[in-house]
Amino acid sequence: MTSIKSYAALKAKELLVPFQIQRREPGPFDVVIDIQYCGICHTDLHQVRDEWGGARFPMVPGHEIAGLVSAVGASVKRYKIGDRVGVGCFTDSCRQCSPCKQGLEQYCEKGMRQTYNALEKDGKTATYGGYSQKIVVDENYVLKIPDSLPLDKAAPLLCAGITTYSPLKHWKIKAGSKVGVLGLGGLGHMAVKIAAAMGAEVTVLSHSGSKKADALRMGAKNFVITAEPGVLDPYAAYFDLIINTVSANLDLGAYLMLLKLDATLVAVGVPEHPVSFGFFPLIQGRRSLSGSLIGGIQETQEMLDFCAQHGLSAEIEVISIEKVNEAFERMTQGDVRYRFVIDLSTLA
220 MTSIKSYAAL
230 KAKELLVPFQ
240 IQRREPGPFD
250 VVIDIQYCGI
260 CHTDLHQVRD
270 EWGGARFPMV
280 PGHEIAGLVS
290 AVGASVKRYK
300 IGDRVGVGCF
310 TDSCRQCSPC
320 KQGLEQYCEK
330 GMRQTYNALE
340 KDGKTATYGG
350 YSQKIVVDEN
360 YVLKIPDSLP
370 LDKAAPLLCA
380 GITTYSPLKH
390 WKIKAGSKVG
400 VLGLGGLGHM
410 AVKIAAAMGA
420 EVTVLSHSGS
430 KKADALRMGA
440 KNFVITAEPG
450 VLDPYAAYFD
460 LIINTVSANL
470 DLGAYLMLLK
480 LDATLVAVGV
490 PEHPVSFGFF
500 PLIQGRRSLS
510 GSLIGGIQET
520 QEMLDFCAQH
530 GLSAEIEVIS
540 IEKVNEAFER
550 MTQGDVRYRF
560 VIDLSTLA
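Positions in the sequence shown are counted from 1; adding 219 to them yields this note's numbering.
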């Protein structure tokens with residue numbers, strides 16, 4: 220075992236503090252990654268505050284990891300020392316169930332092994348995330364980051380990028396599709412960029428107009444301030460797909476009415492509290508309300524290559540590790556455009 224520096228929450232709702240963790244020695248198929256950057260996802264905040272339940276402490280968050288390979292196991296074939304790589308929301312799965320065999324490891328029937336807040340294969344050792352100096356991961360769950368993507372701007376793609384790319388691909392968005400994006404935050408801004416690169420007509424649905432210029436610059440054609448009365452009326456039965464990226468409780472019925480016949484509203488953000496809505500908007504247009512969870516390894520690599528091809532990356536604010544608690548607080552206020560990324564060299 221190797222002792223390394225990290226930042227951890229020792230108990231729920233406590234501030235993150237410096238913490239020493241143990242990383243396993245690399246096995247024959249393992250890759251050791253020196254972490255350069257790690258994005259801050261809203262999930263990190265939910266988990267540290269145990270808002271979803273089941274949190275394990277001490278907890279080292281972080282599942283938007285970008286870095287360089289510093290060592291490889293004897294049987295590793297895919298990577299070599301110096302390669303630019305990433306790690307997303309999970310580091311293993313059962314590999315035997317139907318979803319795993321289809322490249323849908325995120326839906327592993329036995330449960331994917333989360334990058335943090337989970338247990339290693341031994342069932343005893345906690346997994347620790349990217350707010351740390353190094354991580355050891357099986358080569359089959361490591362992603363290649365194309366040379367044209369800066370590591371700091373690529374890190375959020377390992378969650379925010381794939382979380383929005385996957386539903387856009389699954390629901391076959393193409394040139395001419397009409398896509399609505401609810402919320403323009405860490406997830407929403409990537410949904411706009413990716414959907415626009417696919418050729419879709421993108422409309423941002425936001426509670427305020429403060430980000431309109433940004434949305435249009437990123438590729439949105441329309442920007443709707445949802446707090447204004449009557450503004451949704453022209454968009455009745457308009458969209459082929461709406462991606463709900465926000466974690467606040469919304470009147471879903473009002474947004475379901477904006478879908479065409481047989482169209483879908485897909486949730487990728489998770490509200491803290493249950494949501495209720497009437498069924499008539501679903502029944503009247505044979506509409507669907509669905510959900511989507513990140514993406515498998517193959518699809519995540521496809522997303523990274525797509526972003527490199529189209530010159531897409533996250534819009535970020537790079538911070539030192541000492542600013543992580545301040546960043547958490549600012550994130551609760553929506554005070555970031557559009558993703559905090561930790562420079563892990565500051566941990567040394």
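Positions of the beta carbon are idealized from the N, C-alpha and C atoms, including for glycine.
Keep in mind the model is a prediction, meaning the values are calculated, not measured.
Might you give, ordered along the chain, the residues of its own chain that have their beta carbon closer than 7 angstroms to the beta carbon of residue i, omitting 5 neighbours on each side?
{"i": "Ala467", "result": "Pro490"}
{"i": "Ile300", "result": "Val288, Ser289, Ala290, Val291"}
{"i": "Pro277", "result": "Ala227, Ala228, Leu229, Phe238"}
Starting from the Cα of residue i, find the closest Cα among the options and give me that residue.
{"i": "Ala379", "options": "Ile223, Glu283, Trp271, Gly428", "result": "Glu283"}
{"i": "Ser569", "options": "Val306, Gly404, Met417", "result": "A query on residue 569 cannot be resolved here, the shown segment of the chain reaching from 220 to 567 and no further."}
{"i": "Arg297", "options": "Leu362, Leu484, Tyr384", "result": "Leu362"}
{"i": "Leu406", "options": "Val421, Thr383, His389", "result": "Thr383"}
{"i": "Asp470", "options": "Leu451, Ala482, Lys479", "result": "Leu451"}
{"i": "Ala345", "options": "Tyr335, Val487, Thr551, Phe458", "result": "Tyr335"}
{"i": "Thr422", "options": "Tyr474, Ile535, Asp524, Leu523", "result": "Tyr474"}
{"i": "Glu420", "options": "Ala432, Val398, Met437", "result": "Val398"}
{"i": "Thr458", "options": "Ser495, Pro493, Ser507, Cys257", "result": "One detail in the question is off: residue 458 reads as Phe in this sequence, not Thr. The candidate whose alpha carbon is nearest that of Phe458 is Ser507."}
{"i": "Met476", "options": "Ile461, Val487, Ala455", "result": "Ala455"}
{"i": "Gly497", "options": "Gly472, Gly402, Lys479", "result": "Gly472"}
{"i": "Gly553", "options": "Ile252, Tyr347, Leu264", "result": "Leu264"}
{"i": "Glu244", "options": "Thr221, Ser225, Ala410, Met522", "result": "Thr221"}
{"i": "Val487", "options": "Glu339, Gly510, Ala567", "result": "Gly510"}
{"i": "Leu566", "options": "Cys257, Arg242, Arg275, Thr483", "result": "Cys257"}
{"i": "Ile538", "options": "Val267, Lys372, Leu401", "result": "Lys372"}
{"i": "Ile533", "options": "Val485, Ile381, Phe248", "result": "Inspection of the sequence shows that residue 533 is occupied by Ala rather than by Ile. Checked all of Val485, Ile381, Phe248; the closest Cα to Ala533 is Ile381."}
{"i": "Leu338", "options": "Ala274, Val494, Ile259, Leu484", "result": "Ala274"}
Is it the case that the Cβ atoms of residue i and residue j are separated by a distance below 8 angstroms?
{"i": "Ser425", "j": "Ile444", "result": "yes"}
{"i": "Leu563", "j": "Gln333", "result": "no"}
{"i": "Asp341", "j": "Asp311", "result": "no"}
{"i": "Cys316", "j": "Lys329", "result": "yes"}
{"i": "Ile535", "j": "Val560", "result": "yes"}
{"i": "Tyr360", "j": "Ile240", "result": "no"}
{"i": "Ala439", "j": "Ala415", "result": "yes"}
{"i": "Val355", "j": "Val295", "result": "no"}
{"i": "Gly349", "j": "Ile254", "result": "yes"}
{"i": "Arg556", "j": "Asp433", "result": "yes"}
{"i": "Leu370", "j": "Met522", "result": "no"}
Return the chain-ordered list of same chain residues with a C-beta closer than 6 angstroms to the C-beta of residue i, the five sequence neighbours on each side being excluded.
{"i": "Ser367", "result": "Ala527"}
{"i": "Gly322", "result": "Gly515, Gln517"}
Does residue i come out as helix, strand or coil in the three-state DSSP assignment?
{"i": "Leu370", "result": "helix"}
{"i": "Gly336", "result": "At residue 336 the sequence reads Asn, which differs from the Gly that was named. Asn336 falls in the coil class under three-state DSSP."}
{"i": "Asn463", "result": "strand"}
{"i": "Ile284", "result": "strand"}
{"i": "Cys526", "result": "helix"}
{"i": "Gln520", "result": "helix"}
{"i": "Tyr347", "result": "coil"}
{"i": "Arg275", "result": "coil"}
{"i": "Gly258", "result": "strand"}
{"i": "Val443", "result": "strand"}
{"i": "Gln241", "result": "strand"}
Does any residue of chain C bring its CB to less than 8 angstroms from the CB of residue i?
{"i": "Ser294", "result": "Judged by its chain identifiers, the structure shown contains no chain C, having just a single protein chain."}
Take residue i and list the residues in its own chain whose beta-carbon comes closer than 8 angstroms to its own, dropping the five residues that flank it on each side.
{"i": "Ala446", "result": "His426, Ser427"}
- Query: Should the stretch 389 to 396 be called in touch with the stretch 535 to 553, which here means at least 3 C-beta pairs below 8 angstroms?
  - Reply: Counting C-beta pairs closer than 8 angstroms gives fewer than three between the stretch 389 to 396 and the stretch 535 to 553, which falls short of the contact rule.
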